[in-house]
Amino acid sequence: MIRFYHVYQSYQKDVFALSDISFTINPGEFIFLTGPSGAGKTTLLKLIIREEVPKKGQILVNGQNVSSIPVSKIPRLRRSIGVVFQDFKLIRSKTVFENVTFVLKTLGIDLKERRRRAHNVLKMVGLQHKTHFYPLELSGGEQQRVAVARAIVNDPVLLLADEPTGNLDPDRAADIMALFEKINRKGTTVLVATHDRDMIQRMRKRVISLTAGRLDHDSGSQVQVEES
Amino acid sequence: MIRFYHVYQSYQKDVFALSDISFTINPGEFIFLTGPSGAGKTTLLKLIIREEVPKKGQILVNGQNVSSIPVSKIPRLRRSIGVVFQDFKLIRSKTVFENVTFVLKTLGIDLKERRRRAHNVLKMVGLQHKTHFYPLELSGGEQQRVAVARAIVNDPVLLLADEPTGNLDPDRAADIMALFEKINRKGTTVLVATHDRDMIQRMRKRVISLTAGRLDHDSGSQVQVEES
Amino acid sequence: MLQFLYFSLSEAVTSLWRTRILNLLSLGTIMFAMFILGSFMFVGLNLQNLALDWQKQIQFNIFLNDDISEEARAEIQAYLGKSFFVDSFTFLSKDQARARFDEKFAAYEKVTENLEDNPFPASFEVFLLRGTKQQTYTTLKDELKSFAGIEEVYYDEEVFRRLGMFAGFIQMAGWFFGVIVIFSSIFTISNVLKLTFFTRREEVDIMKLVGASRAYIRGPFIVEGVLQGFLGAGAGVFLVYSGYLMVGRFLTGNTSFILGNLEPEFLPMQWVVLILLAGGFSGLLGSLFSLHQFLEEHISYH
Amino acid sequence: MLQFLYFSLSEAVTSLWRTRILNLLSLGTIMFAMFILGSFMFVGLNLQNLALDWQKQIQFNIFLNDDISEEARAEIQAYLGKSFFVDSFTFLSKDQARARFDEKFAAYEKVTENLEDNPFPASFEVFLLRGTKQQTYTTLKDELKSFAGIEEVYYDEEVFRRLGMFAGFIQMAGWFFGVIVIFSSIFTISNVLKLTFFTRREEVDIMKLVGASRAYIRGPFIVEGVLQGFLGAGAGVFLVYSGYLMVGRFLTGNTSFILGNLEPEFLPMQWVVLILLAGGFSGLLGSLFSLHQFLEEHISYH
Ligand SMILES: Nc1ncnc2c1ncn2[C@@H]1O[C@H](COP(=O)(O)OP(=O)(O)OP(=O)(O)O)[C@@H](O)[C@H]1O
Ligand SMILES: Nc1ncnc2c1ncn2[C@@H]1O[C@H](COP(=O)(O)OP(=O)(O)OP(=O)(O)O)[C@@H](O)[C@H]1O
Ligand SMILES: [Mg+2]
Ligand SMILES: [Mg+2]
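Chains as they are written, first to last, in my numbering: chain A, 37 to 264; chain B, 37 to 264; chain C, 529 to 830; chain D, 529 to 830.
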């Protein structure tokens with residue numbers, strides 16, 4: 037599903053936010069990405085959705101080389117990936133409902149169907165009563181859950197979540213992780229960047245850990261282990 | 037230092053984000069404010085800095101009734117309080133240095149002194165090497181630490197921190213809490229809103245807990261206990 | 529396609545309404561730009577009317593021999609009657625001509641007082657159509673030469689030259705100013721749209737990140753631009769109309785202008801439609817420009 | 529106080545530079561607004577010059593009796609020489625007057641041909657100063673009545689009335705248009721500043737939340753507004769100057785205008801300074817307005 041071949045990324049000359057990153061994530065896997073603040077987790081996720089292009093190396097996502105696909109194909113790539121951004125990235129002039137269903141609307145899905153889907157996912161994150169609120173009228177944790185709802189509304193083949201429980205209480209956080217597991221069980225590949233050591237330990241999934249831009253540790257693919 | 041007398045806050049008719057909140061925080065205390073997502077923690081902090089005015093009730097901060105002080109006195113009140121906002125609230129068009137020292141500049145403190153102070157606080161949060169970066173060039177956790185640095189740069193008498201470690205790895209989070217304890221020992225009253233149960237348990241401080249806008253539990257003032 | 533149009537329109541209308549404070553600002557600016565354009569057209573139109581009015585008052589005189597035959601006179605009269613350029617003409621007998629001279633050139637009273645004989649010739653006074661060029665005068669003069677009984681064909685070249693210069697100057701000022709006004713209207717509209725769109729670049733970045741395709745991001749902005757340009761132009765034309773009413777009231781209340789028989793004329797319907805279309809078109813151009821300039825690229829904050 | 533000024537200036541300059549893309553947009557819009565204002569003044573000034581030029585060409589004729597004494601003539605000449613309103617005058621003898629009439633009124637050739645006696649009186653042709661009012665003519669006429677030997681004082685009232693009407697019309701169009709242009713310049717500047725400031729309302733909210741006092745939040749915005757207004761006005765004046773050069777080149781390259789002796793005049797220095805000040809002032813007003821309107825209140829996003 038995702039392959040990194042010797043990927044380097046830098047924002048300033050000779051300072052690498054990521055260096056020599058190589059790993060493979062198979063379809064259907066559930067992976068935690070961890071590492072201290074500033075290690076390069078968000079940068080790695082940005083490369084997957086081609087928000088950024090790596091300075092060196094190749095990245096394959098769902099069979100496509102994301103650093104070389106034409107610009108016109110980027111939207112389709114991104115629509116196949118659900119992303120929970122670390123800073124939520126909700127559109128402030130749109131309500132929760134509109135934020136969650138915006139992409140569905142551009143795809144021409146009618147209002148009724150959009151309502152149904154939004155209702156479903158908002159219920160999953162416990163926000164059905166905030167459907168017509170604007171993001172700035174929500175608490176931090178509520179905004180985060182809207183971001184989760186938006187990421188899963190289009191049944192993505194790949195789900196990227198950047199610190200998706202940083203603003204949630206432990207119970208809500210566990211709910212969200214259970215939700216991710218459920219989605220994962222239906223076939224979606226899930227990659228969660230997080231600092232939450234307890235959660236990582238509890239869930240017993242493959243862990244990729246970064247330190248200062250280098251791949252520090254990879255607990256190995258469970259799927260591959262099962263296959264061999 | 038802070039007194040709430042039967043405070044109510046609501047954003048829509050008959051839906052209360054906070055209802056009947058009363059408590060007292062003495063000078064020099066270190067308090068955790070906790071509660072599930074949407075419980076009203078951020079709202080409570082907003083009332084303290086008079087970002088919002090309560091619908092009902094009285095709030096005393098540092099001897100002043102914040103719902104009735106004249107508008108012209110609000111800036112001075114806010115300058116005496118350091119705040120780490122849940123969404124950081126960094127000015128994107130200003131560098132880390134400028135964000136941290138903006139208020140000092142309005143107070144006429146000269147560049148040399150501002151440099152000195154900024155260097156101190158940025159070192160405390162481990163970001164001295166990011167002094168001239170813009171917020172959008174920082175990772176989530178780095179932005180959060182800039183927010184912490186800004187909150188403490190002016191030696192506030194009261195420090196409010198809203199989920200200040202949500203984007204930090206456990207080690208960094210512990211560093212920040214140690215920093216808050218140090219500041220608290222120098223006499224600053226500290227109020228930290230957080231979801232991190234481990235941290236709350238480890239630190240053994242007074243805990244005020246909210247659920248759905250109601251004061252659920254208050255472990256009581258340690259300072260008062262020592263006095264009696 | 530229909531779905532795309534529906535999407536763009538609904539998003540545009542929602543956004544116009546939700547950020548109406550902001551949009552009123554840009555709409556107001558567009559309105560004033562179009563107001564200036566419209567006022568300019570209005571003033572230009574009326575100055576031109578004035579110039580044409582004056583030009584119309586230029587006489588073209590055909591002086592006749594004292595011994596002209598009735599037939600010859602009738603022939604000339606017939607020619608004038610069917611000429612394309614002639615608006616109207618009157619015949620002036622010898623006596624009328626003398627009386628007219630006395631009246632007009634009071635300073636030369638003495639000159640005619642002493643005359644026993646009437647030296648003034650009979651004449652046709654011809655008024656040509658509005659907007660006649662010097663060229664026409666010359667042609668008419670040449671054609672009339674072939675008629676019998678004409679002593680001389682005369683028109684006041686000096687006045688004509690003056691008026692021509694005046695018209696030329698007004699026209700030049702008009703072109704000079706008009707180009708400026710049109711250019712800066714378009715520029716203003718496009719800039720203002722850029723500014724309003726600029727406040728939403730974050731939104732756009734988010735839309736891109738969640739996988740909205742280019743067309744769906746641009747569509748609503750373009751519709752918004754066109755709507756704003758169109759509405760702004762409408763408001764501008766409305767202001768010009770109010771100005772027109774005010775000027776009209778001022779003129780009828782001011783005696784010195786009644787004498788001049790000056791009555792302002794409002795912009796003809798086609799021009800109004802043209803202004804509205806220009807507004808919509810500038811909006812379209814403006815939004816295309818701004819989209820090209822900053823919606824495609826991530827513009828950093830600093 | 530000095531510290532406050534330093535703070536405002538340094539923050540304003542930094543912000544202008546950091547958001548220069550945005551600021552160029554608003555600066556450009558302000559520039560065009562001031563360009564229109566400046567062009568308007570430029571065109572108005574030169575149309576007025578033209579009108580005054582024509583007016584100067586109106587003669588004021590003093591016809592003398594044929595039997596006037598040398599002393600009486602000298603007396604009139606002395607009076608004209610020291611009159612405040614007289615620009616220049618020439619004496620026209622009886623013979624010169626006849627020749628002039630023959631030349632000027634070629635149509636009436638016959639009239640003078642048959643005369644043995646010269647009926648044309650000698651006269652003074654007086655050119656009054658530019659911008660003389662009808663009032664002045666009347667006054668002069670009255671004063672001259674007391675002199676001996678004057679047959680008649682005459683000036684062409686019809687032409688004067690025409691010119692007066694023309695000047696009145698130009699002036700009215702000028703006022704009408706000028707008010708619009710000034711008003712919409714101010715409005716445009718203030719709107720554009722509001723739009724640019726609007727992109728920064730979050731910043732302002734943050735500044736308020738961290739305890740910056742009102743003055744320190746407003747200061748930099750006001751300085752920015754004034755600077756933008758001032759710079760925009762400067763750029764606008766520069767554009768007008770370019771336009772002036774272009775028009776000048778066009779006129780000298782175009783023979784029909786050389787004859788008219790039309791030479792455009794650029795705005796005098798005081799006007800330029802006035803425009804610059806107006807720009808700065810509109811910037812000040814604009815920023816004050818916008819600050820009042822939305823920096824004081826939390827404006828929600830929807
Ligand atoms: N646009 C940028 N310009 C310059 N440096 C950048 C930029 N974006 C990220 N960086 C730097 O790259 C490094 C990695 O950033 P990244 O956001 O990937 O960290 P992270 O692992 O997500 O950290 P966190 O857990 O704090 O979110 C950081 O040191 C950051 O300062
Ligand atoms: N401006 C607003 N308009 C309407 N409702 C609001 C507004 N601000 C907050 N609320 C609601 O008030 C409740 C309390 O919000 P608050 O931000 O205080 O929660 P919180 O305890 O900080 O939650 P979290 O841990 O998720 O940050 C939430 O249900 C939120 O939706
Ligand atoms: Mg990150
Ligand atoms: Mg909160």
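Every residue gets a Cβ at the ideal spot worked out from N, C-alpha and C, and that includes glycine. Everything numeric in this text was worked out from a predicted model, so none of it was measured.
For this session: May I ask you to list, following chain order, the residues of the segment 547 to 565 of chain C that have a beta carbon less than 7 Å from some beta carbon of chain D?
Result: Those would be Ile549, Leu550, Leu553, Ser554, Gly556, Thr557, Phe560, Phe563, Ile564, in chain order.
Exercise. Can you find a CB in chain C that lies within less than 8 Å of the CB of Phe138/A?
Worked result: Closer than 8 Å: yes.
Exercise. Does Leu755/D have its Cβ less than 8 Å from a Cβ in chain B?
Worked result: So no, Leu755/D is outside the interface.
Problem set entry | Interface residues of chain C facing Ser46/A [CB-CB closer than 9 Å] | Ordered by position in chain C, no residue passes the 9 Å Cβ test against Ser46/A, which lies about 17 Å from the chain.
Exercise. Cβ of Val801/C less than 8 Å from any chain D Cβ?
Worked result: So no, Val801/C is outside the interface.
Problem set entry | Boundaries (first-last residue) of the beta strand (DSSP E) holding Phe52/A | It spans 51 to 61 - the beta strand (DSSP E) in which Phe52/A sits, taken as one unbroken run.
Exercise. For Glu88/A and chain B, any beta-carbon pair shorter than 8 Å?
Worked result: By this cut-off, Glu88/A is not an interface position.
Problem set entry | Cβ-Cβ separation, Ile95/B to Ile117/B (assumed contact under 8 Å), whole Å | Between Ile117/B and Ile95/B, the beta carbon gap of about 13 Å keeps them out of contact (Cβ cut-off 8 Å).
Problem set entry | Rounded separation between Phe59/A and Arg39/A - CA only | Distance between the alpha carbons of Phe59/A and Arg39/A is about 6 Å.
Problem set entry | Amino acids of chain C, ordered along the chain, whose beta-carbon sits closer than 8 Å to that of Lys722/D | Residues of chain C with a Cβ closer than 8 Å to the Cβ of Lys722/D are, in chain order, Leu553.
Exercise. By the criterion of Cβ-Cβ separation under 7 Å, what are the contact partners of Thr78/B in chain A?
Worked result: Chain A residues near Thr78/B: Ser175, Gly176.
Exercise. Where does the unbroken beta strand (DSSP E) through Tyr744/D begin, and where does it stop?
Worked result: For Tyr744/D, there is no enclosing beta strand (DSSP E); the enclosing alpha helix (DSSP H) has its first and last residue at 742 to 780.
For this session: Go to Gln122/A, then tell me how far its alpha helix (DSSP H) extends in each direction, as first and last residue.
Result: That residue, Gln122/A, is in no alpha helix (DSSP H); it is neither H nor E in DSSP.
Exercise. Considering only residues of the same chain and omitting the five flanking positions on each side of Leu204/A, which have a CB-CB separation below 7 Å?
Worked result: Hits under 7 Å: Gly177, Gln180, Ile212.
For this session: Report the partner residues of Leu96/B according to the DSSP bridge assignment.
Result: Arg39/B, Asn101/B.
Problem set entry | Residues that Asp254/A bridges to, as DSSP identifies them | For Asp254/A, which the question treats as bridged, DSSP gives the partners Ile244/A.
For this session: Note down, in chain order, every chain D residue with its Cβ under 7 Å from the Cβ of Ser712/C.
Result: Here the neighbours are Phe560, Phe563, Ile564.
Problem set entry | Per-residue DSSP class, three states only, for Arg546/C | Note: Arg546/C maps to helix in three-state DSSP.
Exercise. Hey, quick one: how far does the beta strand (DSSP E) through Ala75/A stretch, first residue to last?
Worked result: That residue, Ala75/A, is in no beta strand (DSSP E); it is neither H nor E in DSSP.
For this session: Inspect the CB distances between the segment 187 to 197 of chain A and the segment 232 to 246 of chain A and report whether three or more fall short of 8 Å.
Result: No, they do not touch.
For this session: Kindly list the residues whose CB is nearer than 7 Å to the CB of Glu671/C, restricted to its own chain and excluding five residues on each side of it in sequence; keep chain order.
Result: Within the same chain, no Cβ atom closer than 7 Å to the Cβ of Glu671/C is found once the five residues on either side in sequence are excluded.
Problem set entry | Cβ of Tyr829/C within 8 Å of any chain A Cβ | Per-residue confidence for Tyr829/C stands at a pLDDT of 35, beneath the threshold of 50, marking its modelled position as unreliable; the derived number appears in the next sentence. No - not a single Cβ of chain A is within 8 Å of the one on Tyr829/C.
Problem set entry | For Arg250/A and Thr167/A, the rounded distance between their alpha carbons | So the alpha carbons of these two residues sit roughly 41 Å apart.
Problem set entry | Residue burial classification, Asn135/A (beta-carbon count within 10 angstroms, cutoff 16) | By the 10 Å Cβ count, Asn135/A comes out buried.
For this session: Determine whether the Cβ of Ala761/C lies closer than 8 Å to any Cβ atom of chain A.
Result: Not an interface residue.
Exercise. Going along chain A in order, which residues have a C-beta closer than 7 Å to the C-beta of Pro72/B?
Worked result: What Pro72/B touches in chain A: Asp205, Asp207, Arg208.
Problem set entry | CB-CB length for Thr225/A against Gly64/A, believed under 8 Å | Between Gly64/A and Thr225/A the Cβ distance is about 6 Å, and since that is below 8 Å, they are a contact.
Exercise. When you compare only the Cα positions, how much space is there between Ile188/A and Arg221/A?
Worked result: Distance between the alpha carbons of Ile188/A and Arg221/A: 14 Å.
For this session: Quick one: residues in its chain with C-beta nearer than 8 Å to the C-beta of Ser266/A, no 5 flanking neighbours on either side, listed in chain order?
Result: Only positions 37 to 264 of chain A appear in this structure, which leaves residue 266/A out of reach.
Exercise. Is Gln122/A near ligand 2, in the sense that its beta carbon is under 7 Å from a heavy atom of that ligand?
Worked result: No, the Cβ of Gln122/A stays beyond 7 Å of every heavy atom of ligand 2.
Exercise. Based on Cα-Cα distance, which residue from Asn62/A, Pro111/A, Val51/A, Val228/A lies nearest to Phe121/A?
Worked result: Checked all of Asn62/A, Pro111/A, Val51/A, Val228/A; the closest Cα to Phe121/A is Val228/A.
Problem set entry | Boundaries of the alpha helix (DSSP H) in which Thr137/A is found, first to last residue | For Thr137/A, the enclosing alpha helix (DSSP H) has its first and last residue at 132 to 142.
Problem set entry | Reference Leu608/D; option with closest CA among Gln531/D, Phe675/D, Phe568/D | Residue Phe675/D holds the alpha-carbon nearest to the alpha-carbon of Leu608/D among Gln531/D, Phe675/D, Phe568/D.
Problem set entry | Residues proximal to ligand 2 by C-beta, any heavy atom closer than 6 Å | Every residue passing the under-6 Å Cβ criterion appears here: Glu173/A, Leu174/A, Ser175/A, Gly176/A, Gly177/A, Glu178/A, Asn203/A, Tyr47/B, Ala53/B, Gly71/B, Ser73/B, Gly74/B, Ala75/B, Gly76/B, Lys77/B, Thr78/B, Thr79/B, Gln122/B.
Problem set entry | Residue of Phe749/C, Phe532/C, Gly757/C, Leu592/C minimising C-alpha distance to Ser818/C | Per the C-alpha coordinates, the member of Phe749/C, Phe532/C, Gly757/C, Leu592/C positioned closest to Ser818/C is Phe749/C.
Exercise. What residue from Trp703/D, Ala761/D, Ala561/D has the CA that sits closest to Ser713/C's CA?
Worked result: Put simply, of Trp703/D, Ala761/D, Ala561/D the residue whose alpha carbon is nearest the alpha carbon of Ser713/C is Ala561/D.
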